[in-house]
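If you want my numbering, it's the 1-based position in the sequence shown plus 138.
Note that CB positions come from ideal geometry on N, CA and C, so glycine has one too.
Please read all numbers here as calculations on a predicted model, not as lab measurements.
A short write-up of the structure that comes next.
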Amino acid sequence: MKKNLHLVAIGALSFVLAQPAIAQKKAPAKAPAAKTAVKTAVSQALPNDPNVKIGKLPNGLVYYIRKNVEPKNRAELYLGNKIGSLMENEDQLGLAHFTEHMAFNGTKDFPKNEIINYLQKAGVRFGADLNAYTGFNQTVYQLPIPTDSVEVFKTGFKILANWAGKVTMDGAEIDNERGVIVEEDRQRGKNAQQRMSNQLLPFLLGDSQYAKRIPIGKVEVLQNFTHDKIRNFYKDWYRPNLQTVIAVGDFDVNEVEKLIIANFSELKNPANERARTFYSIPDNVQPLIKIATDKEQPYNVAQVIYKQKQGTVKTEADYKLQMTQGMVNNMLAARITELTQKGTAPFLFAQSSYGPYQGGMVWDFSALQTVAVAKSGAELEKALVAALAENERMAKFGFTAGELETVKKKLEAGIEKQFKEKDKTKSSVYVQQYLNNFLIGSAIPSAEYTYELSKKLLNNITLADINAAAKAMVTKTNQIVVVQAPEKEKENLPTEAALLAAIKTAGNGVTPYVDNTVNKPLIAQAPKAGTIVSETKNDKIGVTTLALSNGVKVVLKPTDFKNDQVIFTSFGKGGASLASNDDFISAENANLIAQSGVGDFNPTQLTKYLAGKTASAGAYIDDLYQGFSGSASPKDLETAFQLIYARATNPRKDVEIFNKNISDYKVITANKGSNPSAVFADTVQAVMANYHKRGMPTTLADIDKINIDKAYAFYKDRFADASGQTFIFVGNFDVEKIKPFVTTYLASLPSLNKNENFVDNGVNPPKGKVSKTVKKGLEDKVTVQLLFHDDYVYNADNNVMLDALKSALDIKITERLREKESGVYSPGVSLSVQKNPTAHYYFTISFNCAKANVEKLINAALEEVNAFAKNGVTAEDLQKFKSEELRQEELSLRENGYWLSYLTNRLKYNDNLEQVLGNTARINGVTVDATKAAAQKYLNGDNYIRLVLLPEN
């Protein structure tokens, strides 16, 4: 289907902010925003949470242990190493990250891939659960593990100890992994972003160790280093006095402490320790300016950075400053968002926010980082000045009392919500806090202490405090200006002199901000309530279903999974499928009406109105359905219901917001042709829709046809008849107490009893064998997608069989393409299924590789698919599927989001709501013979689509 031009997508522009291709499988722990140049008096230190046990072994290893039962029967085990790429010698570039890979390729107690193999059989997923990452300063291994199996839980600590000091570094395994590392560099890079990063990072990091030690390293080193180099790195730096073990979960703390002592006490530090040097980046008195262009860069982006030294949050004064800076960020973002929505805004997108410098890659620096994206190179200077003017307006005049009142309401609601959920806090949250404490010394106060301190500080923070912190963000030194633009715009870009002038003159003529609020109720007059005409209960799954007088159905599932959360969605049949071909493009983008506010409130005014309330509700129109979705705290449920009613009965037609978004999307659509990934994605979309008019990518000609009157009329028509709507509410509420909101705001929705259905407009993938190759891109990087698809009978039994095939095929594709061929970094097998408008399944095998290997790797992948049809899934891989699936089921059944999705799909597809009760039996019932028959049916290749993106040369 075509992609709607949603307002929210403006923020998702794929411009490049100079970040390194950090070799990691997830983002590193971010240092909290910390002290700026604002001077503070000596302040009371924040006390450690007494619920965490912190200890140190004689060898220097630090451990953190905490009992936490969310989720039940699970623990998060982390091994943190206070070392990363900054510790590498010149002949070891990339070997900190390479060492992380080798930890999964053989240790003293777990040869070759036995760690992954063992954990998968225990239900731990590789990548999604079991993972690791390497940064400049840290290398972290994460192992979420079940605690209801004593043997598996104990083995978890043995695995951590093997990573900490027993990696074997077998020569053959090292050589085999070289190709995987090189392919990781290819998958993450070989694009405009990497080429720009290569230009910008040395500039942004100055003449520092950071600039010389990008974690991914250098390909020539990775391909040619001798084995002793990586063995020496491991011996020098993987040592207990630079390591921590963190264990948080559903277990006995004293028993875990014994396991840590037993497994880690034997680890020894080297006799001649290398010093663990702390590195930073240099200051700059004069502004630094860098302009980078690239043929494949789609957007014109300017960024001004005001960097300054930061300190870790350790005291009450630090914490107050962090809160204050967060409030400044919130208010500044609101102003820029308000400006962005105006037709006169000179930028496509702008953002200004204070936080860790370059996402936290340098530990002791923070920065105010301001970004502006312009429609063209010629307009970039004007766009940047407009964004910088908001910094200057903030610094010169500060914020208003009204803005402070609004942000305090927001923050107070967030503080209350967090405290209410304190006993539902996930173990992974605590682990990150303790990791930051080990790495950078950040405080770890208890939830109770944080709550009381936050309330006290929030009450005491004055407008003067806010304005002083805001002013301190806009520094006079340590300014950096970066421009990233398409090569074709090179002659149109502002000069370095013009950029320097922009910084100096952006504040000229700025005036104080005028607070624009609407002092009206969301609903002018309470609607006339309807009634509940019937009520049924299903005690097996804890669901109550209400039928309302206007034909609306409401399904209620109260839970105790979260203390302060209620989530909901609804659906009614029809969606954009009911629009004619001539009006389809306007109808498909009727979502822009939903994103323009409601009634008298534009989006900015609505945000201010809702300050202090934890409630949201939006409307959507997709291909087949229309409805509402949102969330609320139990105390603010009525506000969420009012939002539903208002969005259904009083939509807002805002010509300025609508036209601004249409104008912006013309620019985005016109520019995306320079990005190989975007060109390939458009081709994939067209092929998968079999070039049907309603399924093609949006063009400039399409955008010209989008008409606000047609979009508004279609929106009103889709919500004029609520009789086909089904609402689902899941969370912490009482059924009897929610009924008055249901009758007042849902049973009163307009009803015409049309009994509508969606229309199948025939947008289907092509049958038979199809091959499409796109040639786009400057570097040696190939993207491959291999799809097996067909119509099928949609039911629970068939779906679990498809899941089993997907899981086992994923294992085999990874083993073959990554481990055996060393030709890819992260191949994937995905499965998607649909029931409406016609039941269809899609298996997709995807990977990136070098051009020289593409045919060999495609053939290898197809060999694995054919082996499935011949032999079925192996007994070992089937065991892994069952273990992982059942373990995920245990977790999912305690998640509100799972139940909302599950109930919505069962109701949409007219399935039995009790289907979930048979999941365990269905999973356990899958056999090797059954998978063989299923593979022959679903992976026979009769309907096979090969999609390949090759470089241009």
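With respect to the beta strand (DSSP E) encompassing residue i, which residues constitute its N-terminal and C-terminal limits?
| i | result |
| --- | --- |
| P353 | Unbroken run through P353: none, as it is neither H nor E. |
| A213 | R212 to N219 |
| T277 | T277 to P284 |
| Q381 | Q381 to G387 |
| L1088 | Y1082 to L1088 |
| G1035 | It is not in any beta strand (DSSP E) - G1035 instead sits in the alpha helix (DSSP H) that spans N1034 to K1046. |
| I686 | With the sequence shown as reference, residue 686 is identified as Leu, and Ile is not the correct amino acid for it. Note, L686: beta strand (DSSP E), V681 to L686. |
Kindly indicate the opening and closing residues of the alpha helix (DSSP H) around residue i.
| i | result |
| --- | --- |
| A999 | V992 to N1009 |
| A525 | L518 to F535 |
| K367 | H365 to W375 |
| V817 | P814 to M826 |
| E322 | G309 to R326 |
| L486 | Careful: L486 lies outside any alpha helix (DSSP H) and carries neither H nor E. |
| P741 | P741 to Y747 |
| L1029 | A1013 to S1030 |
Nearest to residue i by alpha carbon, out of the options?
| i | options | result |
| --- | --- | --- |
| V500 | E541, S346 and K433 | S346 |
| E393 | A516, F295, Y495 and E726 | F295 |
| A990 | N937, N1091 and R1060 | N1091 |
| N657 | N740, N676, Y568 and S718 | N740 |
| A505 | E358, N598 and I618 | I618 |
| A266 | N189, V920 and I254 | I254 |
| N189 | P583, V648, F371 and K594 | P583 |
| I319 | L343, K246, A299 and H239 | H239 |
| Q441 | K367, A858 and A524 | A524 |
| S580 | D1067, A824 and L184 | L184 |
| D390 | V1086, A539 and K191 | K191 |
| A946 | K919, D929 and L1016 | L1016 |
| S672 | F371, Y271, N688 and K666 | N688 |
Would residue i and residue j be called neighbours here (beta carbons separated by less than 8 Å)?
| i | j | result |
| --- | --- | --- |
| F1019 | A942 | yes |
| A725 | T752 | no |
| L1103 | L477 | Missing from the structure shown is residue 1103; the chain here goes from 139 to 1091 and no further. |
| P284 | A260 | yes |
| L233 | Y348 | no |
| A732 | R785 | yes |
| D702 | N870 | yes |
| K220 | Q276 | yes |
| P420 | R377 | no |
| I427 | E634 | yes |
| N630 | G481 | no |
| Q622 | Q435 | yes |
| V992 | A860 | no |
| Q743 | N654 | yes |
| V681 | K695 | yes |
| V1054 | M939 | no |
| A1007 | L1077 | yes |
| I800 | I866 | no |
| I670 | T881 | yes |
Can you name the residues that DSSP bridges to residue i?
| i | result |
| --- | --- |
| Y758 | G765 |
| P789 | V736 |
| P696 | G869 |
| S447 | Note that residue 447 corresponds to Lys in the displayed sequence, not to Ser. Beta-bridge pairing links K447 to F503. |
| F981 | F926 and L969 |
| Y492 | L506 |
| E289 | According to DSSP, which records beta bridges pairwise, E289 is partnered with nothing at all. |
| T478 | Looking at the DSSP assignment, T478 forms no beta bridge with any residue, so it has no partner. |
| G198 | The partner list for G198 (beta bridge, DSSP) is empty, contrary to what the question assumes. |
Using beta carbons (cut-off 8 Å, strictly below), is residue i in contact with chain D?
| i | result |
| --- | --- |
| I866 | The structure shown has no chain D; it contains just one protein chain. |
What I want to know is whether the C-beta of residue i ends up closer than 7 Å to one or more non-hydrogen atoms of the ligand SAH.
| i | result |
| --- | --- |
| G712 | Absence of the ligand SAH from the depicted structure is noted, as is the absence of any ligand whatsoever, leaving it without description. |
> Are three or more beta carbon pairs between the region 484-494 and the region 454-462 nearer than 8 Å?
Replying inline: No, because fewer than three Cβ pairs between the region 484-494 and the region 454-462 fall closer than 8 Å, the two stretches do not touch.
> Is it true that the region 1027-1035 meets the region 976-996, where meeting means three or more beta-carbon pairs spaced less than 8 Å apart?
Replying inline: No: the two stretches stay apart, fewer than three of their Cβ pairs being nearer than 8 Å.
> Counting pairs of beta carbons, one from the region 298-315 and one from the region 240-254, are three or more of them closer than 8 Å?
Replying inline: The region 298-315 vs the region 240-254: in contact.
> Are at least three pairs of beta-carbons, each pair with one atom in the region 520-535 and one in the region 544-553, less than 8 Å apart?
Replying inline: Contact fails between the region 520-535 and the region 544-553, because fewer than three Cβ pairs, one in each stretch, are under 8 Å apart.
> Can at least three beta-carbon pairs, one atom from the region 202-220 and one from the region 559-567, be found at a separation below 8 Å?
Replying inline: The region 202-220 vs the region 559-567: in contact.
>> For the structure I just gave you, are there three or more beta carbon pairs, one from the region 913-922 and one from the region 320-339, closer than 8 Å?
In response: They touch, by the three-pair rule.
> Is it true that the region 747-762 meets the region 801-820, where meeting means three or more beta-carbon pairs spaced less than 8 Å apart?
Replying inline: Touching, no.
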